[in-house]
Amino acid sequence: MEELTLTTPALLFSAVSLILLAYTNRFLSYAQLVRQLRDRYMENPTDITVAQIENLRKRLNLTRTMQGLGIASLFLCVVSMFFIYIGLQLLSAYVFGVALLLLIASLGVSFREIQISTRSLEIYLGAMEKGKNKK
Numbered sequence: 018m019e020e021l022t023l024t025t026p027a028l029l030f031s032a033v034s035l036i037l038l039a040y041t042n043r044f045l046s047y048a049q050l051v052r053q054l055r056d057r058y059m060e061n062p063t064d065i066t067v068a069q070i071e072n073l074r075k076r077l078n079l080t081r082t083m084q085g086l087g088i089a090s091l092f093l094c095v096v097s098m099f100f101i102y103i104g105l106q107l108l109s110a111y112v113f114g115v116a117l118l119l120l121i122a123s124l125g126v127s128f129r130e131i132q133i134s135t136r137s138l139e140i141y142l143g144a145m146e147k148g149k150n151k152k
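Mapping the sequence shown onto our numbering, position 114 (from 1) lands on 131, and the numbers just tick up by one.
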C-alpha cells in the first residue's frame with residue numbers, strides 16, 4: 018500500500034464542503050416548504066397536502082442522515098490527517114478509508130432523497146392532471 022500524505026485527505030475538504038453546502042441549501046428549502054405546507058394544510062387539509070407532508074418528512078430525515086454522514090466523513094479526514102502528522106500511517110489509512118465509505122454512503126442517501134423528491138413532484142403533477150380532466 019502506498020503511503021498517505023497530508024494532502025490526500027485534504028483533497029476531500031473542498032468536495033465534502035461543497036456537498037455539505039448543497040445539503041444545507043436543500044434543508045433550508047425544505048424548512049420553507051414545511052411552513053408553506055403547514056399553512057396550506059391549516060386552510061384546507063386535502064389528501065394531496067397530507068401526501069406532501071409525509072413525503073417531506075422522509076426527505077427531511079434523509080437530509081439529516083446525508084448531513085451526518087458528510088460531517089462524519091470530514092471529521093475522519095481530519096483525524097486521518099492528524100494520524101499522518103503523528104506518524105501513525107497504517108491507522109491513518111484505515112481511518113481515511115472509513116471516511117471515504119461514509120462519503121459514499123452520504124452520496125447514496127442523497128441519490129435516494131432525489132428519488133423521493135421526484136415522487137413529490139409527481140404527486141403535484143398527478144393532482145394537476147386530475148384537475149385538468151375534471152374541467
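Glycine is no exception: its CB is placed at the ideal position from the N, C-alpha and C atoms.
Leaving out five residues on either side along the sequence, give the residues of the same chain with a beta carbon under 6 Å from the beta carbon of isoleucine 36. Gly87
Whole angstroms is fine: what's the gap from isoleucine 70's alpha carbon to threonine 80's? 15 Å
Helix, strand or coil at isoleucine 103 according to DSSP, with G and I counted as helix: coil
Go through its chain and collect everything with a Cβ distance to arginine 43's Cβ below 7 Å, but skip five positions before and after it. Thr80
Does the distance from the C-beta atom of proline 26 to that of methionine 98 stay below 8 Å? yes
Is it a yes or a no for the region 136-144 touching the region 57-75, going by three-plus beta-carbon pairs under 8 Å? yes
Do threonine 22 and isoleucine 131 have their beta-carbon atoms positioned less than 8 Å apart in this structure? no
Please report the distance separating the alpha-carbon of glycine 104 from that of alanine 110. 11 Å
For alanine 122, which of Ala48, Val95 and Val33 has the nearest alpha-carbon? Val33
Where glutamate 7 sits in the DSSP three-state scheme: It is not possible to answer for residue 7, since the shown part of the chain is limited to 18 through 152.
Nearest CA to the CA of asparagine 78: which residue from Leu93, Tyr47, Gly143 and Gln53? Tyr47
Is it buried or exposed, tyrosine 141, if we count other Cβ atoms within 10 angstroms and call 16 or more buried? exposed
Please name the residue in Val112, Leu117, Leu45 and Leu107 whose C-alpha comes closest to that of leucine 73. Leu45
Under a Cβ-count criterion, where at least 16 other Cβ atoms within 10 Å of its own Cβ denotes burial, should arginine 76 be classed as buried or exposed? buried
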